[in-house]
Every structure is written in C-alpha cells, then in structure tokens.
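When the letters of the sequence shown are read in order and numbered with our numbering, they come out as residues 1 to 653. One structure is given here, and the rest of the page talks about it.
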Amino acid sequence: MRFSFYVFVVLLAGLLAARPAFAAPGDTTRVTVVTDMRIPRYGAYDTLAQLPVGGGPYRKILLHYVLGRYQCPGGTQYCGSWDYTTRVLLQPPAADALELTRVITPYATDWLNTGGGPSRRHDYVTDVTDYAQELTQGPRQLRYFYDGYSWGFTVSLYFEFIEGSPAREVLSVQKIYDGWMPFGVTADPIENHLPPQSAYVPGGPVIDRVELKNLITGHGYDGNECAEFCSKYYEVYANGQHVTQQQLWRDDCGRNPVSPQTGTWVYNRANWCPGQAVRPLRHNLTPWAAPGTNLEVNLDMEPYTTPGQANSGGYIWHSQLLQYGPPTFAAADADLREIISPTTDPNFARDNPACAGAQVVLRNGGGAALTRATFRYRAGAGTWQTHQWTGNLAFQRDTVVALPLPASALLSATGGEFTVVAEAPNGQPDPNPFNDTLRSRYGATVALPASFRVTFTTNNASALGFNETAWRLFDEAGTVVRQRVNLANRTTYLDTLTLAPGCYTFQVTDAGCDGFAWWANPGAGSGVLRFLRPTSGAALRSISGDFGCESTLRFRVATVTGVREEAALAGLLDVYPNPTPDGRVTLDFALPHQQNVTVAVRALDGRLVRRAHLAAVSTGRRELDLRGLRAGAYLLECATADGARLWRRLVVE
1 MRFSFYVFVV LLAGLLAARP AFAAPGDTTR VTVVTDMRIP RYGAYDTLAQ LPVGGGPYRK
61 ILLHYVLGRY QCPGGTQYCG SWDYTTRVLL QPPAADALEL TRVITPYATD WLNTGGGPSR
121 RHDYVTDVTD YAQELTQGPR QLRYFYDGYS WGFTVSLYFE FIEGSPAREV LSVQKIYDGW
181 MPFGVTADPI ENHLPPQSAY VPGGPVIDRV ELKNLITGHG YDGNECAEFC SKYYEVYANG
241 QHVTQQQLWR DDCGRNPVSP QTGTWVYNRA NWCPGQAVRP LRHNLTPWAA PGTNLEVNLD
301 MEPYTTPGQA NSGGYIWHSQ LLQYGPPTFA AADADLREII SPTTDPNFAR DNPACAGAQV
361 VLRNGGGAAL TRATFRYRAG AGTWQTHQWT GNLAFQRDTV VALPLPASAL LSATGGEFTV
421 VAEAPNGQPD PNPFNDTLRS RYGATVALPA SFRVTFTTNN ASALGFNETA WRLFDEAGTV
481 VRQRVNLANR TTYLDTLTLA PGCYTFQVTD AGCDGFAWWA NPGAGSGVLR FLRPTSGAAL
541 RSISGDFGCE STLRFRVATV TGVREEAALA GLLDVYPNPT PDGRVTLDFA LPHQQNVTVA
601 VRALDGRLVR RAHLAAVSTG RRELDLRGLR AGAYLLECAT ADGARLWRRL VVE
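Structure, rendered in structure tokens:
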C-alpha cells in the first residue's frame, strides 16, 4: 500500500505575476489522499487527509475516485470480478461521518492487461463543494469502505480545490440517517430504522434553501428479487406534511458508459448500476423550514413483506440535511459544467468519438433566471464558432446545449483540443467569468468510404413478434436515411449503402437491452453485424454484440486527400460467450483479407495454457474448444499473418 500526501497549485497563465503569494480565482489546488491503494479485503481503510486550512474561497471542490486493478495471487477466485459497494466518508471531529460519494465497482475481470500495457482505470468525479466547510479545516480523517469479499481493485483518491466564489454558501450539513436498513422483515421493520429526525433552522444567517440529500442503494434479494432488483418508493414528509414520492430505481443500466463488463451489468437495479457512481436524490424542504424553528423530517418506505421472512435484502442508506445561504450572484451566471462531446472522457464514452456538433452542460449559477447566453467554441486551432442559446434556467438548474459544429472542424487523424466559452448571460457581463471556459481532448473521428455493405445476422431473441435488434442510419440533420427494423430471427440481411460526404450516425438498438450476443442469455444465440467493402467483401468494421440497450457509431464519409479510413483492431475480433460456462467459445473474425491466425491462451501470470492454428481466416466464425481449463480469467491472443495482434480477456466459469 502506498500513500502520498502532497499539495500543488496549478496557476493559470498570466495570473501568477499578479498575485505571487496567493492563488488567483480559477487556480486549482490538488490534494492527493491515496495513490493506487490495493484493496485486499472487506472493511474500512482510514487515512488522515492533509486538507487545506482556510484559503479560498473555492467555487468548486471535486473528488476524484480512480478505480484500477492489480493482479491477484495465483489461484485467487473472483479477482475484481464483482459489483461491490464502496463508500468514501469524511469524519469531522466530534461529529457524524458524512458520505461524500458511493461507487459500485464494475465486473472488471477483463481490466487487467498482461500484455505489457497499462491496465484499465476509471475516474469517477464527484462535486463535493457542499462540504467546503469541513474540507478546509486542515487534516481530516477520510474513510474508504469496501463492501466486497474478494480482492483485485486499487483506489486513488484526490481532491481539486478550484479558487473562486461559490454559487452559494453552505451553512450546515447534518447527517440524519445512515446504515443498513433491512427490508420486508416483520420482526425488524425498516420503519424502526427511519424514525423522524429533527434539525434546527437558525434564525441568524439567512437561510435561502434547505435540501434533503439521499444516497440509497438496494442490495440482496428474496423470491421477489427485493431489494436489489425490485423497484420500490419512499415518501418524504416535513413537519408531518407530504413532500414527494421517490422511486428507488435505475432504468438505464444497459446504457452504462463503463461497458461491456464481465457480468450482468445490463440489469436495472435499485438506484444503482455496476461500474457507476450513485446519483444523489435531492428534495427541496424550504417551504417547511421556518427560521428559528425545528424542522422534522420523516421518510417512509413503500410497504412490503418478504416471503418466508428470510430476506437478506435491504438498503444501504445515508441521508443529509443541507442548509444554504442565498445566491452569491444576484444576476444570472452562465456556468459551464461539463463537455459531453467531443471528449475522450470515458464517462461519456457512449457519446464519442464525435463527428459533427458538440454538447455541453450549462448551469445557471446566479439568482436571476438565465434566458440567453452566447457560446464561442472551436476545435483545435480552427475558426471560432458562435451560437446563441435561449431558454429559461432557474438558479442551480442545468441543461444540455447542442452546439453546431461542421464535420470539417473535427477532421483530424489524431484528434485535438476543443474549447468552449459561455458568456453574456441575458446579454449582460458575466458576474463570475471564472466558470465560463472548458476544454477537452478529443479523438479522431471514424472515417468510412462512401459505399459499403452492412451485413446483419440476427439472433433468436424476439420482442412483440420481431427480433429484438434493429439498426438505423441518421444523417447530420437527424433524418433516417436507411434502416432495418421488424426483423426475423436467425436471418441474414445485406444492405449496400452509398452516402454523400458528411457525418452519419449508425445506431443499433436492442429491445431486450442485452445486445445481440450476451453470455447470460445463451438461449438467444449470437448475431453478427459488420461493415464490408462492396466489391472485395473485406471487413471494414464489426459491431460487438455485447452492448446492452444500444450501440452508436458516429462516422464521416469524406473525400479529403490524406484522410485515413479507420478499421480499428478493436472491431476485427469478437469473442463469445464471455464468460464461457463450459470452455467452448466462438471467435468471430472480421479481417481485411484471408490469412492464417495463431491463437494463444495464457494465464494471467503469462503461462501458455493452450495454442491453436487457424487456416485461411477472413470473415466468419471459428470455434475454439478450451474445455479442461480451470475456472478463471485468461488472456486470448490472436496473431495474424500480416502482423496484427488482437487481444481479448476471456473468463472460464
């Protein structure tokens, strides 16, 4: 285990000379808590975080939770293989611990790279500005809690303190509920764990808003699959009056950006998805919070009785009551929060690579409603574009803004940097210009020829009388130019596309949200979807079938000299079922021409455990029999005659 404690300040160009002794607005102070800490067991991992004393003010404080993998000792079962609950908690002196973020680990058996390159990592970023008072009082105990029963993960934690005026001051944060709440057990009803709680609303400082913030996830299941796989609600009451009803459910796990995974990642769950941070549930209690009085908060779960009363299911629950001061800026403030596209940020993997246009998240950081703003943006060193946005955003509300961007702006074989500026809120000078600009790195846009064939063989999964899977091709205007819908099972469809230069979106959807080739649904079989050259039939690209609800490819058709057509190695080989329950797998190749292939299967320590030689491989399936191998994770390498090496992680159950 390696701990690093250091602080460094990144100063914006041009501001260092102006304030040599202090960080200027917009400067970032980074505090590293732990680096690549190995998690070998269940339990709590405590660290004294060397947080700043005073300083600031900080307009934003971000917690980076970077999840990685390490290689377990030989013979270890389930190394980084399951969806475990992890929590990061701040322990103020003589006060209740406050949960800062909760992340459910992915099924990450295939995250290790034993071929010499870096293993996969993912950065989960949480805005923790609400806890500024406690995060700026010097050293504080920080707890990482791992609720898993096998090892294999690493964790790095660091904070970014970004100088500037916050949108509002947080006056207090109070924990009101925390812990494991059993569900449906008559002898131990969940209501006993959720008694009414009282919090004092002071009459001194101006209280502008009071919010209830909940981090709640359901785990374990009975005969009705409760609590993990059943959708239940809770009711919020303030001073005895009903406030709202909230469903505890995530219905978008099949669109997870951390995908595919080596487990049942597509199944929707009780307010969480494997491999994602848990989204807080917020409720406005301001109308019931009178200054100088006590506010009573009460939560009631949907009535439920588990069959047989042997339910191991329940909820990991953490609730906080937050009290805020008024907006720092009375006028509207154009606050740029995130760049969705173009970017290489893996949290937006399903929206990238982009081809034309950009998407950003805009927030109103001021008290007055934000009704218009001006955007300036460009890709690389290209021409600055301008876009006028209109709408109606209340204080602290967000919206996604689509920015028109020609395909030529992203025409790069290597990618570049995208810059966007939001200014002139409501036509006035921005009261807080330090949150107006964002930058992102973006990758190369996929390029395809003007004419190619789409061959699609469906699997055996039906919905409403048709195969679950369909595909559609959209142009830049969002108009459907070709499609294959309402298809028959176990049928091959061949379409030739001839397209004008421009940007296109090829979208594959699956009504069952389990793709067209998924190990957990072997009865459906596996489909195949490829792009082929129209004359030779050589493969241009292959769409992996393990995509959950949808798979989207944005590409350009260009005739510009020197633009390279991309046939990424990632699309030349698909392996399924993965994990394999009996050691038999299918290798689905999409090679550009016929050639011999050598297949090597290695244990994660590098030992060769199986080798096979495949003759005259181009486009099609070859079976590989690995029966007899011990259960565990392996590295499968396919070496082609023309020198390409295709790597896949394979799990034998």
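For glycine and all other residues, C-beta sits at the position ideal for the given N, C-alpha and C. Treat the numbers as computed from the prediction; the structure is a model and nothing was measured.
If you draw a straight line from the Cα of Phe348 to the Cα of Ser440, it comes to about 12 angstroms. Taking every protein chain shown into account, the CB of Leu215 has 16 or more other CB atoms within 10 angstroms, so this residue is buried.
Gln309 is the residue among Ala108, Gln309, Val155, Arg584 whose C-alpha sits nearest the C-alpha of Tyr221. If the five residues before and after Gly415 are omitted, its C-beta is found closer than 7 angstroms to the C-beta atoms of Arg441, Tyr442, Gly443, Ala444, all from its own chain and listed in chain order. DSSP, read as helix, strand or coil, puts Gly427 in helix.
Per DSSP, the beta-bridge partners of Ala402 are Gln359. Under a 10 Å Cβ-count criterion, Asp333 is classified as buried, with 16 or more other Cβ atoms of the shown protein chains found around its own Cβ. For the pair of segments examined, the segment 313-329 was found to touch the segment 173-186: the number of CB pairs separated by less than 8 angstroms reaches three. When DSSP states are grouped into helix, strand and coil, Asp222 belongs to the coil group. Taking all protein chains shown into account, Gly515 has 16 or more neighbouring C-beta atoms within 10 Å of its C-beta and is therefore buried.
Contact between Val278 and Thr217 holds: their C-beta atoms lie close to 6 angstroms from each other, under 8 angstroms. Counting only runs of 4 or more residues that sit fully inside the segment 84-164, the alpha helix (DSSP H) segments are 132-135, in chain order.
Scanning the segment 270-349 for uninterrupted beta strand (DSSP E) segments of 3 residues or longer gives 281-284, 293-301, 314-327, 334-341, listed from N- to C-terminal end.
In the DSSP assignment, Ala590 falls within the beta strand (DSSP E) that extends over 584-603.
Checking the DSSP bridge columns, you'll see His64 partnered with Val125, Tyr158. Under a 10 Å Cβ-count criterion, Val210 is classified as buried, with 16 or more other Cβ atoms of the shown protein chains found around its own Cβ. Taking C-beta separations shorter than 6 angstroms and ignoring five residues to either side along the sequence, the partners of Pro291 in its chain run Val201, Gly203, Ile207, following chain order.
When DSSP states are grouped into helix, strand and coil, Leu410 belongs to the helix group. Assignment of beta-bridge partners to Phe452 by DSSP yields Leu497. If you ignore the 5 residues before and after Ala373, its C-beta comes within less than 6 angstroms of the C-beta of Ala334, Trp389, Ala422, Pro425, all in its own chain and listed in chain order.
Look at Cys638 here: in three-state DSSP terms it is strand.
In this structure, DSSP gives Ala524 a helical state, which the three-state scheme calls helix. Shown here for Gly427: same chain residues with a beta carbon closer than 7 angstroms to its own, the five before and five after excluded, namely Arg372 in chain order.
Here Asp110 is buried. Its C-beta has 16 or more other C-beta atoms within 10 Å. About 18 angstroms separates the CB atoms of Ala167 and Gly391; that is not less than 8 angstroms, and the two are not in contact. Straight through space, the alpha carbons of Arg337 and Asn435 are spaced by roughly 8 angstroms. Assignment of beta-bridge partners to Thr217 by DSSP yields Ile316.
Ranked by Cα distance from Tyr45, the options Leu51, Asp582, Asp36 are led by Asp36.
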